[in-house]
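*Asks:*
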Amino acid sequence: METKITQSQNVQTLRTLPGDDVRQMMWRFADRYDLQMLVQSSRRVARGPVARMVAEGARNSHEWTAQKAQLLKAMDGSGLTAAFMELEHGGFIAGPKNLALALVAFELSWVDGGAATGSLAGNLALAPIHECGTPEQVERYMSLAAPAKPGETRMPWRGAFALTEPLPYVGVETGLLSGKMRIAEWKKDEEPILQVEKRGRFITNMGFANFVTAAVDSADDRIKGSCMVILEETDPGTFDRGVPTRKLVHQLSSTRDPMFSLRVPASRIIGGYTIKEGVIVPKYSHGEVIEAVFRRTRVTVGLMTAAKLLSAVEPVIRYQRGRFRGGDAAAPGSPRYDLGLQGKEDALHRLIDVWATGEAAASLGFDAARVFDALDPLEKRKDQILTEKGVIGARAQFKVLQKVAKDALELIALETKQESERDQKRYEALMADELVQFVKLDSLANVLCPAVKLWNTGHGANMMREAVSLMGGYGITEDCPGFLGHKWMDAQLEATYEGPEAVQRRQLSITMTNEVFLAQYKNWIADLRKIASTHPGTGACTLATAMQLWLWTLEYLQTATDANGKKLYSSNRQGVTFPLADALCWLLASRQFILDVLELERKGPENPTVAEGMPGLLSFYNDLCHVFSARAAGEVGRICAELVFGYNRHPAWDDAAFAACYGADDLDVLENFMPGIASSARAYTDVTEEGQSHPAKAGPCVCFDGMEAFTRLRVKLDGCLTGARLAKDRAAEALTKVMIPEALDYPM
């Protein structure tokens, strides 16, 4: 027995920082050799040419320079450009590519967000064509944008996505467009020619783009509604790239304010068009195209900030340990020399918070990417099935899918039952129904996308400030190891890119009330209870109770009114809906972090490299989960309590109110600084010599009237925090012992 204890003690410490083998298991691509190679290619670009440019000061210029242009060649040569393409257009990854592109952005952002944005923007320009384009549009632009094949001398085309316009148009409100199109020429039996006028603002890749996908509205009675249209630099008219944006962040990407006044054939309308009674009717409005694109690419942006947080861990540890080394500050072998700032609990605890946030953000983001990979083929099948049934148009599809939602709810209910207890034939039929599977997964994707973008970039930016502060004054210098100062500033833009926090909160406040999502959410609570029984150290019990509290609060707010009788949960009460959306994000991130650690526990023993240090690795990750679950529970408890009680008026502070709110012991304390009120309240309660209030006059605090269920849950949640700080102490101690390389591996 003593031998076992000794062995356990020897392995219960984190040995090294998690490597690729660990990440591949947690993020579910251990069996994807193509993605593993893509990660290595991305890393070579990020820690080679990208890191060297940052170190050499390339970020100090707003202009798109010849030096920066070398990044395009590096991305072409490493396969990053082709990662977006289908096999028939020069790509090398079969099937959906959300996870693949998320991994590319993650690796590039580990070093510099601007380089990642440049890569992302090229994909973003192609995404409207990829998602909604006609076969001819897809073939032309995907082939032109693919890197040259061996023997070819052509240069690949680069694209830009032109949505944002000067204030007060798009950027403030996506439905308000100043960009216009009208019919310039329409000869009989010939294709109409459009005159497109568009001014852009903050358009990425504009310094070198060969084509633009632009959002415009109709300024002609012969064109119905809005659309997105493809503009090429050689089209007749003005293709003005504009002046560089004087931004403080993402300087390795090219951002300008362009202006276009071009004549283009109507065949450039993305998705095509029909002609009805002499009117051009685009197949897709610009809003429909944007929705199809952003619901995928926003996840990638969220992972850019997650990468920054995790990349900060090693530089901060190295700084903390070496803080007092050299000179006479500390003698070799002394705790001050060996540990440096890691001898202080505060420094360790704050770094643990940064690390836990980075892990949870990455877990949430990569889970969302995998969900969209699973959703993409189902979405195509959905469109195909409904088209075959004659269901055309978004509104008609919505009505049909509303009916399918009932079957999805039935399937979710059946999933909770044992095979012997459920109607197995019905269960298998629902599982085989592609529309049911689509509705179920779509409800989840509609929550995860805004949640990743909102929480990863919003809270992530705040935690990057914390990471920078842990480096002291070094953190805000250009030569800070890991470029942490740059990353902190870059994170501010990522919180705004593709829609600021308010846009994500607005979307989330709608999608999180979807009954199909909430049915799955309730099942997650039950699953976490089971996890807590086998893995209590993960904080799953804490998280399950916090999720239950959030659900109770949502259901209460949906039917409650404030002290003035106004409905609480409505679109114009952002003070209610937005904080509740924030709270949900904490829960989603914490849950996925726990699930990823459980996946590591399952798959780790299969990998000899990981298995050797598995006990210590799991012990650390369990503690990190526990720490983060407690933090998430604290945020949820605070937000929910404010929303449940904050819209009621507090009763007048008369003697009866004090008697209800304060017990005998409280009144003893109150006597010291409010003797008059305390005396009156004491007289009202008729306290006996035993210190017990008179039964006829005692009662619950009037502040809690009708809220007993909430207060019970809140007290239960507080009790579930047991052990969370001990977990933080253990995780902090592990930071003092983990081995790190002698120096960062970038710039190379």
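Numbering (this note's numbering), first residue to last: 1324 to 2071. C-beta atoms are modelled at their ideal positions from N, C-alpha and C, and glycine is treated no differently. Note that this is a predicted model, so its numbers are computed, not measured.
#1: Under three-state DSSP, which class holds residue 2021?
#2: Determine which residues share a DSSP beta bridge with residue 1538 and list them.
#3: Of all the options 1823, 1339, 1347, 1548, which has the alpha carbon lying nearest to the alpha carbon of residue 1925?
#4: Determine contact between the stretch 1599-1606 and the stretch 1442-1453, defined as no fewer than three beta-carbon pairs at a distance below 8 Å.
#5: Taking the alpha carbon of residue 1894 as the point to measure from, which residue in 1906, 1880, 1907 has its own alpha carbon closest?
#6: Which two residues bound the contiguous alpha helix (DSSP H) that contains residue 1969?
#7: Are there three or more Cβ pairs, one per stretch, closer than 8 Å when the stretch 1573-1580 is compared with the stretch 1629-1641?
#8: Measuring CB to CB, does residue 1626 end up less than 8 Å from residue 1428?
#9: Spatial neighbours of residue 1827 within its chain, please: CB distance less than 7 Å, with the 5 preceding and 5 following residues excluded, ordered by chain position.
#10: Within a Cβ cutoff of 6 Å, which residues of the same chain sit near residue 1904, ignoring the five residues on either side of it in sequence?
#11: Assess contact between the stretch 1713-1727 and the stretch 1810-1829, defined as three or more Cβ pairs (one per stretch) separated by less than 8 Å. Is contact present?
#12: Say yes only if the C-beta of residue 1849 is nearer than 7 Å to one or more non-hydrogen atoms of the ligand NAD, and no if none qualify.
#13: State the CB to CB distance for the pair residue 1455 and residue 1615, rounded to an integer number of angstroms; the pair is presumed to be in contact (CB under 8 Å).
#14: Here's a check: name, in chain order, each residue in its chain whose Cβ is nearer than 7 Å to the Cβ of residue 1335, leaving out the five neighbours to either side.
#15: Go ahead and label residue 2088 buried or exposed: buried means 16 or more other beta carbons lie within 10 angstroms of its beta carbon, across all protein chains shown.
#16: DSSP state of residue 1579, grouped into three classes?
#17: Closest to residue 1691 by CA distance: which of 1420, 1676, 1758, 1383 is it?
#18: At a cut of 8 Å, does the stretch 1462-1480 reach the stretch 1498-1506 through at least three beta carbon pairs?
#19: Helix, strand or coil for residue 1720 per DSSP?
#20: Restricting to Cα atoms, I'd like to know which of 1770, 1704, 1591 is closest to residue 1909.
#21: Quick one: Cα of residue 1806 to Cα of residue 1768, how far?
#22: Could you pull the DSSP bridge partners for residue 1560 from this structure?
#23: Between the Cα of residue 1575 and the Cα atoms of 1384, 1401, 1414, which residue gives the shortest distance?
#24: Is residue 2063 helix, strand or coil when you go by DSSP?
#25: Do you know whose CA, among 1416, 1959, 1395, 1665, lies nearest residue 1356's CA?
#26: Identify whether residue 1648 lies in helix, strand or coil by the three-state DSSP scheme.
#27: When DSSP labels each residue in this structure, what does residue 2016 get in the three-state scheme?
#28: Under three-state DSSP, which class holds residue 1415?
#29: Specify whether the stretch 1695-1709 and the stretch 1645-1662 touch according to this definition: at least 3 beta carbon pairs, one from each stretch, less than 8 Å apart.
#30: Give me the DSSP bridge partner(s) of residue 1508.
#31: List the residues that DSSP assigns as beta-bridge partners of residue 1482.
#32: Could you check where the alpha helix (DSSP H) with residue 1900 kicks off and where it finishes?
#33: Pairing CB atoms from the stretch 2041-2056 with CB atoms from the stretch 1661-1678, are three or more of them under 8 Å?
*Replies:* A quick look at the data gives this:
#1: Against the sequence shown, residue 2021 aligns to sequence position 698. Here residue 2021 scores only 40 on pLDDT, less than 50, and its place in the model is too uncertain to base an answer on.
#2: Counted from its first residue, the sequence shown places residue 1538 at position 215. Note: residue 1538 sits in a beta bridge opposite 1551.
#3: By one-based count along the sequence shown, residue 1925 stands at place 602. Of the listed residues, the one whose Cα sits closest to residue 1925 is 1347.
#4: no
#5: Position 571 of the sequence shown, counted from the start, is the residue given in the question as residue 1894. Measuring from the Cα of residue 1894, the nearest candidate turns out to be 1880.
#6: Counting from 1 along the sequence shown, the entry for residue 1969 is found at position 646. 1937-1969 is the span of the alpha helix (DSSP H), which, as asked, contains residue 1969.
#7: no
#8: Reading the sequence shown from its first residue, position 303 is the one you call residue 1626. Reading the sequence shown from its first residue, position 105 is the one you call residue 1428. It is a contact, given that the beta carbons lie within the stated cut-off.
#9: Mapped onto the sequence shown, residue 1827 falls at position 504. So the list reads 1773, 1776, 1777, once near-sequence residues are dropped.
#10: Position 581 of the sequence shown holds residue 1904. 1828, 1831, 1832.
#11: Counting Cβ pairs under 8 Å, fewer than three are found: no touch.
#12: The ligand NAD is not among the ligands present in this structure, which contains no ligands whatsoever.
#13: Translated into positions along the sequence shown, residue 1455 becomes position 132. Translated into positions along the sequence shown, residue 1615 becomes position 292. Between residue 1615 and residue 1455 the Cβ distance is about 6 Å, and since that is below 8 Å, they are a contact.
#14: Taking the sequence shown and counting its residues from 1, one reaches residue 1335 at position 12. Counting only Cβ-Cβ distances below 7 Å, and skipping sequence neighbours, we find 1938, 1939, 1942.
#15: Missing from the structure shown is residue 2088; the chain here goes from 1324 to 2071 and no further.
#16: Indexing the sequence shown from 1 puts residue 1579 at position 256. Here residue 1579 sits in strand by DSSP.
#17: Your numbering for residue 1691 matches position 368 in the sequence shown. Here the closest residue by C-alpha is 1420.
#18: Touching, no.
#19: Against the sequence shown, residue 1720 aligns to sequence position 397. Of the three classes helix, strand and coil, the one that applies to residue 1720 here is helix, per DSSP.
#20: Residue numbering aside, residue 1909 sits at position 586 when the sequence shown is read from its first letter. Out of 1770, 1704, 1591, 1770 has the C-alpha closest to the C-alpha of residue 1909.
#21: Sequence index remark: in the sequence shown, residue 1806 carries index 483 (1-based). Sequence index remark: in the sequence shown, residue 1768 carries index 445 (1-based). Between residue 1806 and residue 1768, the C-alpha separation is close to 33 Å.
#22: As a working mapping, residue 1560 is identified with position 237 in the sequence shown. Answer is 1585, bridged to residue 1560.
#23: As a position in the sequence shown, residue 1575 is number 252, starting the count at 1. Nearest C-alpha to residue 1575: 1384.
#24: In the sequence shown, the residue the question calls residue 2063 occupies position 740. The three-state secondary structure of residue 2063, taken from DSSP, is coil.
#25: On the sequence shown, position 33 is the one that residue 1356 refers to. Measuring C-alpha to C-alpha distances from residue 1356 to each of 1416, 1959, 1395, 1665 identifies 1416 as the nearest.
#26: Translated into the one-based positions of the sequence shown, residue 1648 becomes position 325. Coil.
#27: Numbered from its first residue, the sequence shown carries residue 2016 at position 693. Low confidence applies to residue 2016: its pLDDT is 41, below 50, so where it sits in the model is not reliable enough to give any reading.
#28: For the purposes of this step, residue 1415 is taken as the residue at position 92 of the sequence shown. DSSP places residue 1415 outside both helix and strand once states are collapsed to three, so it counts as coil.
#29: no
#30: Residue 1508 sits at position 185 when you count from the first residue of the sequence shown. Answer is 1516.
#31: The count along the sequence shown starts at 1 and reaches residue 1482 at position 159. According to DSSP, residue 1482 bridges with 1534.
#32: The residue you call residue 1900 lines up with position 577 of the sequence shown. First-last of the alpha helix (DSSP H) with residue 1900: 1897-1926.
#33: Taking 8 Å as the limit for Cβ pairs, the verdict is that the stretch 1661-1678 does touch the stretch 2041-2056.
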